[in-house]
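> I have a structure I would like to understand better, so I am pasting it below and will then ask my questions one at a time.
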Amino acid sequence: MASFPTGRTYDLIVFGATGYIGSLIARYLSANAPETLKWAVSGRNMSKLQDLVHTLERDYPRRTGPFVVLASLARQDLERMTAQTRLVVNVAGPFCKNGTSVVEACLSNRTAYVDSTGEHVWANEIAARFHDQAYAQNTIIIPQCAIESSPPDIMCYALASCISKHQLAPSGPVSLSIEHSWPGYSGGTIASILAVLETYSLSQMNAAGAPLASCLPDAGQHSPYPAPILPVRHDSLLGPLTFNPSAMTDRATVMRTWSLLQVHGEESERYGNSFSFNGYQRASSLLQGWFSFLGMSIAVLFVVLIPPIRSLLRWPAPPPGTGPEVPKHEKHFVEWRAVVSAGVNGVDTGNKAIGVMRVDMDVYSCGAMMVAEAALTLLEQQTAVGSGKRNSSLAMKLGGGVLTPATLGWDYIERLKRAGLHMEVDMLMSGNSPLKKSE
């Protein structure tokens with residue numbers, strides 16, 4: 015059984031807490047974390063940190079505000095900060111510029127780590143460099159816990175579980191769509207896009223986009239179902255679909271989970287040798303989907319191939335650390351729908367597993383919730399294991415490594431449900447109506 019650090023000053027430190035996502039996570043923890051949680055906010059600007067704490071104490075007067083830990087990206091600061099806590103929530107992007115040193119400090123002190131990155135090229139680097147070390151020393155590192163890419167990861171996990179319970183197996187690719195209201199970009203999102211383009215070459219980005227780039231090297235044979243040639247299509251259950259710029263990022267996380275389960279999971283948990291994932295944006299119509307795809311393709315082509323044009327992205331973007339102000343009266347939502355065929359011995363029998371997830375909040379608040387709940391789930395699981403209780407999640411079975419949100423298992427999903435995530439997973443048997451929810 016894995017052992018994890020105990021007796022530290024804090025359970026959790028939010029590093030980069032004065033940024034846009036960091037402040038949303040701090041607000042979420044102030045409102046929803048257990049009152050017994052010992053936590054702190056951290057960053058390099060004491061005045062901003064104190065202002066954040068005062069705001070939280072004003073808005074949540076019945077809760078004790080977080081402590082403050084001053085820390086920059088200097089090595090000695092990160093070592094001191096990570097040594098004080100059981101877990102670090104890192105939101106100090108861009109991660110390809112700032113994230114590696116935080117991970118290294120966490121490994122140095124055996125401190126658990128979760129983050130909000132959507133930079134899958136960097137996350138792949140972290141996995142390749144540090145997985146074996148993290149596994150050997152019982153340190154859990156989980157990147158990509160926000161909108162990119164907790165939802166598709168736990169959706170695939172739930173679909174596979176549903177199929178397994180019906181003694182079937184996936185017989186086609188998972189197709190997942192996302193639809194959401196849009197409050198606007200944060201400064202951090204734009205900064206991360208630009209940082210990735212400045213840090214990595216086209217060949218590096220292409221290599222990171224390969225289906226197995228994020229996977230364990232010993233995951234075994236992979237013979238994926240063929241992907242649709244065009245990213246714009248109509249699905250009988252999902253409706254009109256178009257290109258999703260986050261699909262490659264999501265696939266990296268989903269496929270890493272696939273490989274972790276293939277190597278370390280129970281046979282009933284594995285997705286199978288032919289598993290594959292295709293992500294889409296839901297379109298209002300096929301015509302709108304084509305316009306969206308063509309417009310996005312042209313924009314990406316210009317931004318990637320003509321560096322001076324990238325500076326234009328900075329002009330309309332909010333400053334780093336800021337983002338859209340979402341009035342309480344505005345109605346926002348994020349919804350994911352997924353479908354995968356299920357059969358026997360790879361033969362499609364007409365059965366399908368279908369899933370729907372929805373939250374009634376904007377994408378950034380949703381991401382903050384998912385990162386915070388991943389951190390709280392991991393702390394809860396480590397505490398349980400430390401007290402001698404068994405936990406069935408793959409994260410606790412492994413005890414360490416560069417893992418994924420889905421390795422936290424059903425504990426994470428149930429926490430998200432209590433936080434406001436509506437989730438249904440059903441089997442649609444050939445010739446029948448959907449069965450009752452299977453989870």
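Here the sequence shown stands for residues 15 to 453, numbered as in this note's numbering. No residue lacks a Cβ here, since even glycine has one placed at the ideal position from N, Cα and C. Computed from a predicted structure; not experimentally measured.
1) DSSP beta-bridge partners for Lys-291?
2) Assign His-248 to buried or exposed, taking buried as 16 or more other Cβ atoms, counted over all protein chains shown, within 10 Å of its Cβ.
3) With a threshold of 7 Å on Cβ separation, who are the neighbours of His-278 within its own chain once the five nearest residues in sequence on each side are excluded?
4) Between Gly-303 and Val-373, is the Cβ-Cβ spacing less than 8 Å?
5) Residues bridged to Arg-351 by DSSP?
6) Keeping to the same chain, check which residues put their C-beta closer than 8 Å to that of Ser-260; ignore five residues upstream and five downstream.
7) So Ala-222 and His-134 are in contact, right, with Cβ under 8 Å, and what is the actual spacing, rounded?
8) My guess is that Gly-201 and Pro-334 are in contact by the Cβ rule of under 8 Å, so how many angstroms apart are they, rounded?
9) Tell me whether the region 203-213 and the region 266-276 touch, counting them as touching only if at least three CB pairs, one residue from each stretch, are closer than 8 Å.
10) Less than 6 Å between C-beta atoms, sequence neighbours within five positions excluded: which residues of the same chain meet that for Pro-338?
11) Check each candidate in Glu-93, Lys-111, Pro-184 and Lys-62 and name the one with the smallest Cα separation from Thr-125.
12) Does DSSP put Gly-434 in a helix, in a strand, or in coil?
13) Quick one, which of Met-169, Gln-395, Gly-30 and Leu-442 has its alpha-carbon nearest Ala-420's?
14) Taking three-plus beta-carbon pairs below 8 Å as touching, is the region 109-129 in contact with the region 229-236?
15) Under 8 Å, do Ile-154 and Leu-417 count as touching if we go by C-beta distance?
16) Have a look at Val-358 and Gly-286 and give me their C-alpha separation to the nearest angstrom.
17) Across the region 30-37 and the region 101-115, are there enough close Cβ pairs to call them in contact, namely three or more that are closer than 8 Å?
18) Okay, do the region 365-385 and the region 427-441 touch, 3+ Cβ pairs below 8 Å being the bar?
19) Expressed to the nearest angstrom, what Euclidean distance is found between the alpha-carbon atoms of Cys-120 and Glu-387?
20) From the DSSP output, in three-state form, read off Leu-449 for me.
21) Excluding sequence positions up to five away, which residues of its chain have a Cβ less than 6 Å from the Cβ of Thr-336?
22) Quick check on DSSP: helix, strand or coil for Trp-272?
23) Could you tell me the distance, in whole angstroms, from the CA atom of Val-116 to the CA atom of Phe-307?
24) Taking the alpha carbon of Trp-473 as the reference point, which residue from Ala-31, Ile-243, Ala-141 and Asn-405 has its own alpha carbon closest?
25) So, is Lys-450 buried or exposed, given that buried needs 16 or more other C-beta atoms within 10 angstroms?
26) Taking the Cβ atom as the reference point for each residue, do Ile-156 and Thr-114 lie within a distance shorter than 8 Å?
27) Three-state secondary structure (DSSP) at Phe-18?
28) Suppose the cutoff is 8 Å on Cβ atoms and the five residues either side in sequence are ignored; what does the same chain contact list for Gly-234 look like?
29) Is Ala-54 helix, strand or coil by DSSP?
30) Quick one: Cα of Ala-398 to Cα of Glu-49, how far?
31) Within the continuous beta strand (DSSP E) that includes Thr-99, where are the two ends?
32) Opposite Ser-163 in the DSSP bridges: which residues?
33) When the Cα of Pro-179 is compared with those of Glu-438, Thr-267, Glu-283 and Ser-56, which residue comes out closest?
34) Going by DSSP, what residue range makes up the beta strand (DSSP E) through Ile-27?
35) Can you tell me whether Glu-257 is buried or exposed, with buried defined as 16 or more other CB within 10 angstroms of its CB?
36) Residues in its own chain within less than 7 Å of Gln-64 by CB, not counting five upstream and five downstream?
Reading from the atomic positions:
1) According to the sequence as given, residue 291 is Phe; it is not Lys. DSSP output for Phe-291 lists Val-188 as bridge partner(s).
2) exposed
3) Leu-408, Lys-411 and Leu-412
4) no
5) Ser-191 and Val-370
6) Gly-132, Ile-161, Glu-162, Ser-163, Ile-192 and Gly-293
7) 6 Å
8) 4 Å
9) no
10) Pro-197 and Gly-198
11) Glu-93
12) coil
13) Met-169
14) no
15) yes
16) 12 Å
17) yes
18) yes
19) 19 Å
20) Because the pLDDT at Leu-449 is just 41, under 50, the model does not fix this residue reliably, and the value given afterwards should be weighed accordingly. In this structure, Leu-449 counts as coil in the three-state DSSP scheme.
21) Tyr-34 and Gly-201
22) helix
23) 36 Å
24) As displayed, the chain neither begins before 15 nor continues past 453, which places residue 473 out of reach and without an answer.
25) Any reading at Lys-450 must be qualified, since the residue scores a pLDDT of 42, below 50, and its modelled position is unreliable; the value itself is stated next. Counting Cβ neighbours within 10 Å, Lys-450 comes out exposed, since fewer than 16 surround it.
26) no
27) coil
28) Gln-276, Val-277 and Asn-287
29) strand
30) 18 Å
31) 99-104
32) Ala-160
33) Note on residue identity: the sequence assigns Lys, not Pro, to residue 179. Measuring from the Cα of Lys-179, the nearest candidate turns out to be Glu-283.
34) 24-29
35) According to the sequence as given, residue 257 is Phe; it is not Glu. Buried, by the Cβ-count rule.
36) Val-82
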